[in-house]
Structures are given as structure tokens and as C-alpha cells.
Amino acid sequence: MTQPKGIYVLAEINDSQNPTSLTLELLGLGKKLASDMGTTLGAVILGSDITAAAQSVSRCGTDEVLVLDDPVLGTYDPEVFCEVLGGLLKSRLPLILLSGHTSMGQDLLPRLACELEAALVTDCVGLRAEGGEILFTRPVYGGNALATQKARTETVMATVRARVGDAPAAAETAGVVTRVQAAPVAASRLEFKGREVMVFKECPLEEAPVVVSGGRGIGGEEGFAQLRELAGLLGGAVGASRPPVDSGWAPTTCQVGITGKVVAPDIYVAVALSGSTQHLSGMGESGKIVAVNKDPDAYIFKVSDYGVVGDWKQVIPAFTTALREIIQE
Amino acid sequence: MAVDIIVCAKQVPDPEGPPSSFEVNEAERRVTARGIPPVINPFDENALETAIRIKEATGAAITLLSLGKGLSRAVILKAVAAGADSSLLVEDDAFDAALLDSFTTAHLLAGAISKAGPYDLILCGRQAADTNAGMVGLILAQFLGVPAITLAQKVEVSEGRVVVERVLPDGYEVVEAPLPALVTVSGEVGDLRYPSLQAIKAAKGFPQTALGRADLDLNLPALARLETVALAIPSRERRCALVEGDTLQEAGRKLALLLRQEKVL
Ligand SMILES: Cc1cc2nc3c(=O)[nH]c(=O)nc-3n(C[C@H](O)[C@H](O)[C@H](O)COP(=O)(O)OP(=O)(O)OC[C@H]3O[C@@H](n4cnc5c(N)ncnc54)[C@H](O)[C@@H]3O)c2cc1C
Ligand SMILES: Nc1ncnc2c1ncn2[C@@H]1O[C@H](COP(=O)(O)O)[C@@H](O)[C@H]1O
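Each protein sequence line maps, in turn, to chains A and B. Take 1 as the starting number for the first sequence in the working numbering and just add one per residue. Take 1001 as the starting number for the second sequence in the working numbering and just add one per residue.
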């Protein structure tokens, strides 16, 4: 194997052929780490028909963009992606490979780490260079502690959460785009038999400036309709802790927390949820946190900026009406 | 066709315990649980429930595999009684969760599995509540050379294949693999059933294999790829301004006004 060199970001693109916001954050983060460590920043992008996407990634502060553009990479098959990417990275061994802690990142990087005999740190909430090494911070014990870890291998990979890095400023010069021919792959042992996806009209949770979340104490679907009304008024989205999702009062896509989405809106309104560490892990970085809970000792009050102790069924309608009046003024 | 299923089940301090019960020892870089019992990692309970459903549908022999230090027999027994047929406990003081990284754990589990004999399906949880890593299942599959499918919300076995509904951010996809294979299970599967007292009594007589460090003959320190250099308590407490009123309606109104006044809204 070659001497490891450079920091690479595994870029993911959205439907409009642009890098996802998390990819941009990783490129910003990678740029900073690369300059701290005196090395280069590259990106790797896999897919089918991705010329435009590769161009836009090249304008995000990268020195080089490696493009694997092949019809077999049109949809994600972990065995194919691992083999193709593993093949490429063996010849261009990075010091660090960063991926988003996304559906693909979580599924692909452990496989790739085995392929390259690299260390892997998942779900990072902080990365910094210190004394020529990279230190990774991540929550453990459901967010009750934060561990700082470092690799014992030369190459290290990480999946990074949303909002850890900042998107880079537009670069003056674009990086070099290198198209790499994907080596022919062995047949995947996996067979994909179709998918069922839901289409959401609401504002995506991760991008909403206001999130109104309900917990177990909401008690049912009707309650969530009330929260939706409040969120709509504030131009925000509805979130939930896990119990409402498990009970089917709110869709799975609403779950905030360590096994749900990570959000950091300007305002997070937590209604009838207790503030478990698993939930806080997904919203603790919000600008202002507002809690409504009938239990004065609920932990959520310890981590909130504003609160009302009481039954949400009485507090929230009055709060919503007053807000509507304020907004109309 | 009955299949042999191994369910990898880790013991962790009850993740639903209050934050105060997780004592963070910064100097020793370890978390000590105070006053809360060990439990089977919740996603591993989902994996066990999945195995039991396969057993009901097509027949299966289920082995519960747990690796650790000072494993609670009561916790294992209750899990086995829910519907497993035997247990394989891999225990040693060196298998302390605070000391093992994901690669070491996967090596040890692979070693234990190779001693346990043939299998068709390995089920893991999507992630452990203590490490929060979501790595061991996939690494184990790579070490064993079997295909892996993550994040199952439904698992079926038929004609030598496993059919999985795999959770996606906006829905699910259906993925199949030939057996033997490894699948990691998500919470969508549903809770593990409770065993009856009778079943718990009966499970005491089920076959139990115990392995120690010597049986696995692995050079532990050489396997680790990660090192924990610091452990800290996250700082997230804030000062909460509590809004009161003669009635809760009034408190709700005052909250809106306060947020306006402080330019939060
Ligand atoms: C491995 C693992 C991963 C997890 N991942 C997540 C995750 O990603 N996200 C997540 O949220 N959870 C997650 N959980 C679950 C988590 O541990 C908690 O169980 C969950 O967050 C609790 O949800 P809750 O606060 O809504 O419910 P509870 O803790 O039951 O709290 C309900 C609250 O509502 C209040 N209440 C009840 N009625 C009213 C009323 N009428 N008016 C006002 N207040 C009222 C009560 O006082 C109470 O404080 C995970 C757990 C595990 C083990
Ligand atoms: N010590 C262990 N004993 C048994 N299974 C384990 C152990 N550690 C991890 N696993 C399995 O691997 C999964 C993922 O663990 P992790 O990668 O630590 O999040 C768990 O849900 C278990 O199914």
C-alpha cells in the first residue's frame, strides 16, 4: 500500500446534482483540518451521470475531485460501492476519509474500514488537529458522556454529524476533476427488490428555523395536529421524541435524537417530553430551547432557556393564540 | 427449513436510566452506572424478537451470544426464556466494555462464532446503547466473509435466503441475500416479548456454553484500532426562566410575550 496522504471527503449529492448541505459542511471542516495539518483536501464522488455534481464539488475549496461515474453506481449497493471505492482508495490512501453520518455513511464506512484496514470513528460531533494527530469527539452512553478518540492506524475514517463543520466560502479556483474508471466489480451478493418511499410536503426538519417537538405526554395524533398548527405559524417543522414515533402518532422521519435526526434550529419547543439524553443528543445545540411539561422536576427544564410547568393542553392553545396575535400586529 | 440463528446481545447499563446514574470518571476514562441494572441492549432485544418471529414462521434454533465482563445471569436467563434455545457466553475480565474497541469486539465475536459451529443467520442490534457506534455487526460480517444488511425493520427467511425490509430516511427498501448472512436490526421491529415465569424456569436447563479469553487466543492489544484519550461530561445545562401565571392559559400567553420581548421570536 502507498503512503497515506491528504484528507478526502466522500461527497453526497441531492436530487438537483448539488452537494448536500452536510457534504458542504464536511468540505469546510476538511479544509480547516487540511490547513492545520499541512495537507491537501480532496473529494470522492460516486454515482451515475454526475459530471455537473463533480464540477460543483470542485468549486468548494477542494484541490482534487475523484469522480467514479458509472451506471452501476446509480443506486447504492454497499458491496459494489465498497469494492469500487476500496479499489480507488487503496491506490490513493488518504490520511483521513470523512463521510456524513448518513444512511449511506453508516452502512458503507465500516465495510470500507475493513477493506482498507483503517480505524473508524462514527457519529463524530467534533474533530480537531493536535500535534499532527486528529482527535475525534463523539457521544457515548446515549449522550451521557463525550469520548475523545484517536486512531492507532495511519488511515482513519469518520462519519460526522450535521452541523459540526461550516460550509466553505466559494473558492476562487476550482480543484482538478479526475475521472477514474471504476474497475469491473464482482457480482453483489445483495439483491434489491424495490423500495417504498414517502413524500413529505412539510419543511425538512433539519433545515427548519423552528422545531416544535412532542413527546409521550402528547398522548395521540390529535395532539400532534395542534403542534403542527403551532409549527406552521412559526414557519417551522414538527419533531418528536421516540415514543410518539413508536406509537404511530408521528412519522418516523420526525424522530429527533441519537437514533433520529440531529437538529439545531434557532428555537426548539419541547412539549411533554422529559429530556432523555438520547433525545438531547439530537437537539442540545439549538439556539433557544423552550419547554412545556407538567412535571417541574423534568430534566428538560435543566437544559432549557424558557419553560412553563403545566399541562400542555392548556398552555399550548393559549400560547398559539397569543403568538398569532403578535404575528398579526 | 429450520435455520440456525445467532443473536449477538450485549449487556449495557439501562440506557433509560436518569443522567445522574451515569458517573463519568474522567481520569480512568470510564463510565460507571450507579443504581441502575444491566439490561440487554434494546436493539439487541429487537434482534432477538426478530429471531423468535422467524422461529415461529419457519422454524429456527436460536443461540444468544453475549460477550463481556461479569455478565448478569438473570438478564441472560430472561432473554433466553423469551424464545432462544441456548446461550453462548464469552466472559473475561479483559472483556470490559470500556477497554474494547469495535474491531476488537468483532474479532472476539468472530472467534466465538467460529467455535460455535455452523450458522445460517447472525442478527445484531443496529447499535449498542453504550458505544453508540453501530459498527460491530458490519465488521463482524466482513471478518466472517458473509453478506450484511443493516437497519432491518422486518426479516424473513425462505429457501436459503434472507429477505429484509431495510429502513431508509424516507421509507424502506427490500434487500435479499443468500444465507449465511448477517443482519442488523432496528427498533421498528417492535419490542421483545416477555417470557412467562414458567419459561424462565425452563430456560435454566437450556444448553449454555462458556468461553474465556484462553479459548479465543487473540492478542487483544494488537487488535484495537482506536484509543480513547479523554472522557468528559457534556455541558448542556442552561438557566431556565420559568413563566408563571394565575392560570396555565395565562402562562402560555405570557410565554409568547416574553419570547417576543426577548426577540427570540
Ligand atoms: C439506544 C436508544 C436510542 C434511543 N434513541 C432515541 C432518539 O433518537 N430520540 C428519542 O427521543 N428517544 C430515544 N430513545 C428513547 C429515550 O431513552 C427516551 O425513552 C425517550 O426519549 C423518552 O421520550 P419522552 O420524553 O417523550 O417520554 P417520557 O420520558 O415518558 O416523558 C414524557 C414527559 O411528558 C410529560 N407529560 C405527560 N403528560 C403531560 C401533559 N399533559 N402536559 C405536559 N407534560 C406532560 C411528563 O411529565 C414527562 O416528562 C432511545 C433509547 C435507546 C435505549
Ligand atoms: N459485547 C458484545 N456482546 C454481544 N454482542 C455485541 C457486543 N458488542 C456489540 N455487539 C453487537 O453489535 C451491535 C453493534 O454494536 P456497536 O457497534 O458497539 O454499536 C450490538 O447491537 C450487538 O448486537
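All C-beta atoms in this analysis are idealised placements derived from N, C-alpha and C, irrespective of residue type, glycine included.
Which residues in the same chain as residue i place their Cβ atom closer than 6 Å to its Cβ, once the five residues preceding and following it in sequence are excluded?
i	result
valine 1090/B	Leu1067, Ala1112, Leu1211
glutamine 1046/B	The question names glutamine, but residue 1046/B is asparagine in the sequence shown. Val1185, Gly1187, Val1189, listed in sequence order.
leucine 109/A	Ser99, Leu120, Met157, Thr159
lysine 150/A	Glu133, Leu135
glutamate 329/A	none
methionine 1135/B	Ser1102
phenylalanine 1095/B	Leu1067, Gly1068, Lys1069
leucine 29/A	Gly165
serine 350/A	Because chain A spans 1 through 329 in this model, residue 350/A falls outside it and cannot be assessed.
leucine 97/A	Tyr8, Met157
leucine 330/A	Nothing can be reported for residue 330/A, as the shown portion of chain A is limited to 1 through 329.
Could you confirm whether any beta carbon from chain D is found closer than 8 Å to the beta carbon of residue i?
i	result
glutamate 1056/B	You won't find chain D in this structure, because its protein chains are A and B.
Give the C-beta separation of residue i and residue j to the nearest angstrom, bearing in mind that I take them to be a contact with Cβ-Cβ under 8 Å.
i	j	result
aspartate 305/A	cysteine 1240/B	6 Å
glycine 126/A	valine 156/A	Not really, about 15 Å apart at Cβ, beyond 8 Å.
tyrosine 8/A	glycine 42/A	5 Å
isoleucine 1036/B	proline 1019/B	At roughly 11 Å, the Cβ-Cβ gap does not stay under 8 Å, so isoleucine 1036/B and proline 1019/B are not in contact.
lysine 288/A	valine 1264/B	5 Å
isoleucine 1040/B	alanine 1098/B	In fact, because the Cβ distance is near 19 Å, the residues do not count as touching under 8 Å.
glutamate 1227/B	arginine 128/A	Not really, about 16 Å apart at Cβ, beyond 8 Å.
leucine 1138/B	glycine 1160/B	So it is not a contact: roughly 22 Å between Cβ atoms.
isoleucine 1005/B	alanine 1060/B	5 Å
alanine 1177/B	valine 1162/B	6 Å
valine 1174/B	lysine 193/A	4 Å
Just tell me which of the options has its CA closest to the CA of residue i.
i	options	result
alanine 11/A	Cys60/A, Met37/A, Pro4/A, Ser35/A	Cys60/A
threonine 1050/B	Ala1082/B, Ser1072/B, Asn1219/B, Val1075/B	Ala1082/B
arginine 1029/B	Gly1134/B, Leu1231/B, Val1243/B	Leu1231/B
threonine 39/A	Pro94/A, Pro78/A, Thr75/A	Pro94/A
cysteine 82/A	Phe192/A, Ser188/A, Lys193/A, Phe319/A	Ser188/A
aspartate 311/A	Leu1248/B, Ile1149/B, Leu1258/B	Leu1248/B
leucine 190/A	Arg1193/B, Asp1191/B, Val1183/B, Ser1196/B	Val1183/B
alanine 1214/B	Arg1053/B, Ala1129/B, Asp1093/B	Asp1093/B
glutamate 222/A	Val44/A, Leu205/A, Lys313/A	Lys313/A
lysine 294/A	Val309/A, Ser281/A, Ser286/A	Val309/A
tyrosine 1119/B	Thr1131/B, Val1007/B, Thr1104/B	Val1007/B
glutamate 25/A	Cys114/A, Gln55/A, Ala162/A, Asp63/A	Ala162/A
Could you check whether residue j and residue i sit closer than 8 Å to each other, using their CB atoms as the reference points?
i	j	result
alanine 147/A	isoleucine 1233/B	no
glycine 87/A	alanine 186/A	no
isoleucine 218/A	proline 244/A	yes
threonine 75/A	proline 1169/B	no
isoleucine 326/A	alanine 1256/B	yes
glycine 239/A	valine 262/A	no
isoleucine 258/A	proline 78/A	no
valine 210/A	alanine 231/A	yes
lysine 1204/B	leucine 1064/B	no
threonine 1209/B	leucine 1100/B	no
proline 1071/B	alanine 1110/B	Note that residue 1071/B is leucine in the sequence shown, not proline. Against a cut-off of 8 Å, the Cβ pair of alanine 1110/B and leucine 1071/B comes out as no contact.
glycine 275/A	valine 1243/B	no
glutamine 1011/B	proline 1042/B	no
valine 44/A	leucine 85/A	yes
valine 1155/B	valine 1146/B	no
proline 168/A	leucine 22/A	no
glutamate 285/A	alanine 298/A	no
threonine 122/A	alanine 1133/B	yes
To which residues does DSSP link residue i through a beta bridge?
i	result
alanine 214/A	Correcting the residue type first, residue 214/A is glycine in the shown sequence and not alanine. Partner(s): Ala240/A, Val271/A.
isoleucine 1054/B	Beta-bridge pairing links isoleucine 1054/B to no other residue.
cysteine 1124/B	Thr1184/B
glutamate 1176/B	Glu191/A, Val1163/B
cysteine 1008/B	Leu1065/B
valine 308/A	Val292/A
methionine 157/A	Leu97/A, Leu120/A
lysine 150/A	Glu1227/B
glycine 47/A	Asp69/A
tyrosine 8/A	Gly42/A, Leu97/A
alanine 1210/B	Leu1089/B
valine 1039/B	Val1012/B
lysine 261/A	Val256/A
alanine 1232/B	Leu146/A
asparagine 1219/B	None, per the DSSP bridge assignment.
For residue i, which residues in the same chain have their Cβ closer than 7 Å to its Cβ, ignoring the five residues on either side in sequence?
i	result
methionine 316/A	Position check: residue 316/A holds isoleucine in this sequence, whereas methionine was assumed. Contacts found: Gln226, Leu230, Val271, Val292.
serine 58/A	Val65, Ala174, Gly175, Val177
threonine 1032/B	Glu1023, Asn1025
threonine 62/A	Leu27, Leu41, Gly42, Ala43, Gly175
Got a sec? Which residues, its chain only, sit under 8 Å from residue i by beta carbon, not counting five neighbours each side?
i	result
methionine 37/A	Ile7, Leu95, Ala129, Gly132, Ile134
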